[in-house]
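Chemist: Dropping a structure here in C-alpha cells format, bear with me for questions.
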Amino acid sequence: MSDSHGGLQTTPSQTVGPFFSFGLEWADGPFVVPEGTPGAFRIGGTVYDGAGAPVPDAVVETWQADPDGRFAHPDDPRGAVRWKDFRGFGRSATDPEGRYSLLTVKPGPLPAAGGGGGWEAPHLNVSVFCRGMLVRLVTRIYFPDEEANAEDPVLTSVEESRRATLVAASAPHGYRFDIHLQGEHETVFFEL
Numbered sequence: 017m018s019d020s021h022g023g024l025q026t027t028p029s030q031t032v033g034p035f036f037s038f039g040l041e042w043a044d045g046p047f048v049v050p051e052g053t054p055g056a057f058r059i060g061g062t063v064y065d066g067a068g069a070p071v072p073d074a075v076v077e078t079w080q081a082d083p084d085g086r087f088a089h090p091d092d093p094r095g096a097v098r099w100k101d102f103r104g105f106g107r108s109a110t111d112p113e114g115r116y117s118l119l120t121v122k123p124g125p126l127p128a129a130g131g132g133g134g135w136e137a138p139h140l141n142v143s144v145f146c147r148g149m150l151v152r153l154v155t156r157i158y159f160p161d162e163e164a165n166a167e168d169p170v171l172t173s174v175e176e177s178r179r180a181t182l183v184a185a186s187a188p189h190g191y192r193f194d195i196h197l198q199g200e201h202e203t204v205f206f207e208l
C-alpha cells in the first residue's frame with residue numbers, strides 16, 4: 017500500500033480469524049490409537065480463555081511416545097514403534113463448550129534430553145492453537161499416579177506452586193486436563 021505522498025506503509029497485522037481450523041480437522045484426528053486398543057483411555061478437558069470462558073474454536077494437538085517410550089518417528093534412536101496402529105499424534109478441535117477429547121495410551125518414560133542421564137516421566141506434549149493467537153502454545157500433560165513426576169527434569173524446573181497446572185486429574189474413563197490460556201489458573205506454557 018502506498019500513502020498519498022507515494023511512500024510505502026505497512027499493512028496492519030491480523031490475528032488468526034474464525035476460520036483457521038478449516039482443514040485442520042479430520043475424522044480420526046482424536047484417535048492416537050484405534051478404539052479397542054488394550055490400555056486405551058480418553059484424555060480431555062476444556063480450553064478456557066483469560067476470563068474463564070470456554071474457547072469453542074481451539075485445536076489441541078498431542079505428540080507422545082508409545083508405552084515402551086518410543087516415538088512413531090524414523091529418527092527415534094531407540095528403534096521403531098512396536099505398537100500396531102499407534103500414531104503418536106492426535107488432534108482434537110474443541111466443541112461449542114470448549115471441550116476436547118483424545119483416545120490414547122499411557123506413554124512410557126523417556127531418557128532425559130541432552131544425554132545427561134535420568135528419565136522424563138510419562139507425559140504428552142501438547143500444542144494449543146486458537147483464534148487470536150499467531151503462535152501455538154506448548155505445554156505438557158503429566159499423569160497423577162506417576163512416582164517419576166518427582167524426578168522429571170522439566171516438571172521439577174517449574175515453580176512448585178504451578179506444577180499442578182501440568183498434571184491431569186483422574187476421570188471415569190481416563191484423565192481430565194483443562195487448559196487455561198491466561199488468568200489466575202493459567203497453564204504453564206513453554207518456549208521452544
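Note that our numbering numbers the sequence shown so that position 161 is 177, with each residue one more than the last.
Just so you know, even glycine gets a beta-carbon here, dropped at the ideal spot from N, CA and C.
Spatial neighbours of LEU153 within its chain, please: CB distance less than 6 angstroms, with the 5 preceding and 5 following residues excluded, ordered by chain position.
Modeler: Position 137 of the sequence shown, counted from the start, is the residue given in the question as residue 153. Cβ within range, chain order: VAL144, PHE205.
Chemist: For the beta strand (DSSP E) holding ARG192, just list the boundary residues, first then last.
Modeler: Position 176 of the sequence shown, counted from the first residue, corresponds to residue 192. Start and end: 190-192.
Chemist: Going by DSSP, name the residue or residues bridged to TRP79.
Modeler: Start at 1 with the first residue of the sequence shown, and residue 79 comes out as number 63. For TRP79, which the question treats as bridged, DSSP gives the partners PHE105, ASN141.
Chemist: Taking VAL170 and GLY106 to be in contact with their CB atoms under 8 angstroms, please state how far apart those CB atoms are, rounded to whole angstroms.
Modeler: Within the sequence shown, residue 170 is the residue found at index 154, counting from 1. Within the sequence shown, residue 106 is the residue found at index 90, counting from 1. Not quite, the Cβ-Cβ distance comes to about 20 angstroms (not below 8 angstroms), so this is no contact.
Chemist: Per the contact definition of three or more C-beta pairs closer than 8 angstroms, is the stretch 129-140 in contact with the stretch 94-105?
Modeler: no
Chemist: Tell me whether GLY60 sits in a helix, a strand or coil according to DSSP, three-state version.
Modeler: As a first step, residue 60 must be located in the sequence shown, where it is residue number 44. Of the three classes helix, strand and coil, the one that applies to GLY60 here is strand, per DSSP.
Chemist: Using DSSP with H/G/I as helix, E/B as strand and the rest coil, what is GLU136?
Modeler: Along the sequence shown, one-based indexing puts residue 136 at 120. Three-state DSSP puts GLU136 in a strand.
Chemist: In or out: SER108 buried (at least 16 other Cβ within 10 Å) or exposed?
Modeler: Position 92 of the sequence shown, counted from the first residue, corresponds to residue 108. By the 10 Å Cβ count, SER108 comes out buried.
Chemist: Just mark LEU210 as buried or exposed, buried being the case when its beta carbon has 16 or more other beta carbons within 10 Å.
Modeler: A query on residue 210 cannot be resolved here, the shown segment of the chain reaching from 17 to 208 and no further.
Chemist: Taking Cβ to Cβ, would you say LEU119 is nearer than 8 angstroms to PRO46?
Modeler: One-based indexing of the sequence shown puts residue 119 at position 103. One-based indexing of the sequence shown puts residue 46 at position 30. Between LEU119 and PRO46, the CB-CB gap stays under 8 angstroms.
Chemist: Near PRO83, which residues of its chain fall below 8 angstroms by C-beta distance, leaving aside the five closest residues on each side in sequence?
Modeler: Here residue 83 refers to the residue found at position 67 of the sequence shown. Only GLY55, TRP99, VAL121, LYS122, PRO123, GLY124 meet the Cβ criterion.
Chemist: Could you please give the first and the last residue of the uninterrupted beta strand (DSSP E) stretch that includes ARG156?
Modeler: By one-based count along the sequence shown, residue 156 stands at place 140. Segment 153-158, the beta strand (DSSP E) holding ARG156.
Chemist: Apart from the five residues on each side of it in sequence, which residues of its chain come closer than 8 angstroms, Cβ to Cβ, to ALA166?
Modeler: One-based indexing of the sequence shown puts residue 166 at position 150. Its chain contains THR172 as the residues whose beta carbon lies nearer than 8 angstroms to that of ALA166, once the 5 sequence neighbours on both sides are disregarded; these appear in chain order.
Chemist: What do you get for LEU208, buried or exposed, if any count of 16 or more other CB atoms within 10 angstroms of its CB means buried?
Modeler: Locating residue 208 in the sequence shown gives position 192, counting from the first residue. By the Cβ neighbour-count rule, LEU208 is exposed, with fewer than 16 other Cβ atoms within 10 Å of its own.
Chemist: Counting C-beta neighbours from all protein chains within 10 Å, is the total for GLY130 16 or more, i.e. buried, or is it exposed?
Modeler: In the sequence shown, residue 130 corresponds to position 114, counting from 1. Exposed, by the Cβ-count rule.
Chemist: Which residues does DSSP pair with HIS196 in a beta bridge?
Modeler: By one-based count along the sequence shown, residue 196 stands at place 180. Answer by DSSP bridge pairing, in chain order: TYR64.
Chemist: Which same chain residues, not among the five before or five after GLY95, have their C-beta less than 8 angstroms away from its C-beta?
Modeler: For the purposes of this step, residue 95 is taken as the residue at position 79 of the sequence shown. If we look at GLY95 and ignore the five residues flanking it on each side, its Cβ neighbours are ARG86.
Chemist: The beta strand (DSSP E) spanning THR120 covers which residue range?
Modeler: Within the sequence shown, residue 120 is the residue found at index 104, counting from 1. THR120 -> beta strand (DSSP E) spans 115-120.
Chemist: Just verifying my parser: in three-state terms, what is the DSSP assignment at LEU182?
Modeler: Mapped onto the sequence shown, residue 182 falls at position 166. Three-state DSSP puts LEU182 in a helix.
Chemist: Could you tell me whether the Cβ atoms of ALA185 and ILE59 are closer together than 8 angstroms?
Modeler: Here residue 185 refers to the residue found at position 169 of the sequence shown. Here residue 59 refers to the residue found at position 43 of the sequence shown. Cβ atoms of ALA185 and ILE59: not closer than 8 angstroms.
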